[in-house]
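Colleague:
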Amino acid sequence: MPALKKVIEALGSVFRFHKLKILSLFLFALGFFLLRFPYGDLSGFITAQVSQRSAGNAYLEFEDMNLRVFPGLGMRLSQVNLSLARSPLPELKMASLVVAPNWLSLLRFAPGASLSAEDLWQGDLSLSVALGGKIGDEGRRWQNIDTTYQDFSLAQLIEALDLPVRLGGQGQLSAAGKLDPQFSEQPDLTINALISPLEVPAQTLQIGSPMGPIPFPLPNLSFKDVKLKGRWLDGDFIVEDMILGAPTDKINARLQGRLGLQLQRGGLGVRPAAGAYDFNLELNIHKELEKNFSVLLFIDKFKKPTSTGTLYRLRVSGTRVGAPATMGKFDGF
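The letter at position 193 of the sequence shown is residue 333 when you use my numbering, and the numbering goes up by one with no holes.
Written as structure tokens, this is what we have:
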């Protein structure tokens, strides 16, 4: 026993005088283990867990996974494919996806996480989510979100969404506000978007009119940019201001108003549903292009000649998108 006591005293002395060295060695060993751990071997397990926990509604596939240390601790997945079965979104393909704790929200004792994706339709997406305030007396809480989407390809995004229009340009998007994870409450988001430049190749669109859809042939068009400032609140998307083109463009326009837009849960998951709309529109068409827009005869009573072409000012409203619109006079912004 005296020998054991001496050994314990010796170990205690070593720890007392070399505790920083021992701690550093322990942290080094832990860091080495975390960095060298074969995270990629967990890909099959993670794919199965995501599918199981989402009841088969989400499928995540990636080539490799490793620990990211800089600029913040997180897990990095490479060559990621994410499919959401009950979503209007197409398959999401990205070069990498980083998942990390939201350190700022943790300091405020509000658990959260951050995501960043590279090369998603050629753009970079960042999203931070943190626990927000209570929703009524139900015990549920809002999720505060802040997201930016930079330098994405508008052409690739529209093609992936299978929209009936062809557009090109580079986009920037930001949104901040709060969401109900169960979508029982409608979002409260501030949204800003910029497309610069906007390219419109020649094509034929179908536009609504009191007489029904009208074929609308478009020539090749180019706009300096499109700017949108809006708010999604209480089931309405409020267009605070939307400006298409610059005064030097052959066509430029300005739009303000609102569109009913609610997220609704159904058998196919959560999907947006558009409702009634009411917009004020100001549209300038250069005289060089007037012959291409003869289809606008049904709004001739709202036009006014200018030194460079024609100015249209009108109010457009309807019970739903696609239904015949009601048009009236608008005096201008």
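We put the beta carbon where it would ideally sit given N, CA and C, even for glycine.
In this text, all values refer to a predicted model and were calculated from it rather than measured experimentally.
My output table needs one value for Q326: the three-state DSSP class, helix, strand or coil.
Modeller: It is coil, neither helix nor strand.
Colleague: Taking the continuous beta strand (DSSP E) assigned at L260, which residues delimit it?
Modeller: Note, L260: beta strand (DSSP E), 252–260.
Colleague: State yes or no: is the C-beta of A414 within less than 8 Å of the C-beta of L401?
Modeller: In this structure, L401 lies closer than 8 Å to A414 by Cβ.
Colleague: May I ask which residues mark the beginning and end of the alpha helix (DSSP H) holding E430?
Modeller: It is not in any alpha helix (DSSP H) - E430 carries neither H nor E in the DSSP assignment.
Colleague: With a cut-off of 8 Å, do at least 3 Cβ pairs link the region 284–303 to the region 257–273?
Modeller: A contact exists between the region 284–303 and the region 257–273.
Colleague: So the candidates are G458, N420, G462, I354; which of them puts its Cα closest to the Cα of L482?
Modeller: Outside the shown range of the chain, which is 141 to 473, sits residue 482, and nothing can be said about it.
Colleague: So which of L373, M234, I439 has the shortest CA-CA distance to A315?
Modeller: Comparing Cα-Cα distances from A315 to each of L373, M234, I439, the minimum goes to L373.
Colleague: Taking 8 Å as the threshold, find out whether the region 266–275 comes into contact with the region 296–306 through three or more Cβ pairs.
Modeller: Counting Cβ pairs under 8 Å, fewer than three are found: no touch.
Colleague: If you compare alpha carbons, which of P321, Q219, S223, A270 is closest to A240?
Modeller: The residue with the shortest Cα to Cα distance from A240 is A270.
Colleague: Does the distance between the C-beta of K469 and the nearest non-hydrogen atom of the ligand NAP fall short of 7 Å?
Modeller: Looking at this structure, you won't find the ligand NAP or any other ligand, since it has none at all.
Colleague: Ordered along the chain, which non-local residues of its own chain (more than five positions away) have a Cβ less than 8 Å from that of G196?
Modeller: Cβ neighbours of G196 beyond the five flanking positions: A225.
Colleague: Quick one: using the 10 Å Cβ neighbour count with 16 as the cut-off for buried, is L217 buried or exposed?
Modeller: Burial call: buried.
Colleague: What's the call for R453, buried or exposed, on a 16-neighbour Cβ count within 10 Å?
Modeller: So R453 ends up on the buried side.
Colleague: Going residue by residue through the region 418–468, where are the continuous beta strand (DSSP E) segments of at least 3 residues, counting only ones entirely within it?
Modeller: DSSP runs (the beta strand (DSSP E)) wholly in the region 418–468: 443–445, 449–458.
Colleague: Buried or exposed: where does S256 fall if 16 or more other Cβ atoms within 10 Å of its Cβ makes it buried?
Modeller: S256 is buried by the Cβ-count criterion.
Colleague: Per DSSP, what are the beta-bridge partners of F470 in this structure?
Modeller: BP columns for F470 are empty, so no partner.
Colleague: Cutting at 7 Å between CB atoms, please list the residues of its own chain near G273, excluding the five before and the five after it.
Modeller: Cβ neighbours of G273 beyond the five flanking positions: R281, W282.
Colleague: Whose C-alpha, out of T388, P387, R371, A386, is nearest the C-alpha of E136?
Modeller: What is shown of the chain runs 141 to 473, which leaves residue 136 out entirely.
Colleague: If you check the beta carbons only, do L345 and F363 fall under 8 Å apart?
Modeller: No. Outside cutoff.
Colleague: Where does G279 sit, in a helix, a strand or coil, going by DSSP?
Modeller: Looking at G279 - three-state DSSP - the assignment turns out to be coil, as it is neither helix nor strand.
Colleague: What's the C-alpha gap between L319 and G276?
Modeller: Between L319 and G276, the C-alpha separation is close to 14 Å.
Colleague: If contacts are defined as beta-carbon pairs under 8 Å, then D328 and G311 qualify, I think. What distance do you get, rounded to the angstrom?
Modeller: Contact flag wrong, Cβ pair sits at about 23 Å.
Colleague: By Cβ distance, which residues of its chain are closer than 6 Å to N284, with the 5 residues on each side in sequence left out?
Modeller: The residues are A270, G272, K318.
Colleague: Give me, in chain order, the residues of the same chain whose beta-carbon lies closer than 6 Å to that of S434; leave out the 5 immediate sequence neighbours on both sides.
Modeller: Result list for S434: empty, nothing under 6 Å.
Colleague: Answer with buried or exposed for R460, where buried requires no fewer than 16 other C-beta atoms within 10 angstroms of its C-beta.
Modeller: Label assigned to R460: exposed.
Colleague: Within a Cβ cutoff of 8 Å, which residues of the same chain sit near N432, ignoring the five residues on either side of it in sequence?
Modeller: These residues qualify, in order along the chain: P357, L358, P359.
Colleague: Which first and last residues belong to the beta strand (DSSP E) in which L271 is found?
Modeller: Taken as a continuous stretch (DSSP letters only), the beta strand (DSSP E) holding L271 covers 263–274.
Colleague: Per the DSSP calculation, P357 is bridged to which residue(s)?
Modeller: P357 is bridged to T344.
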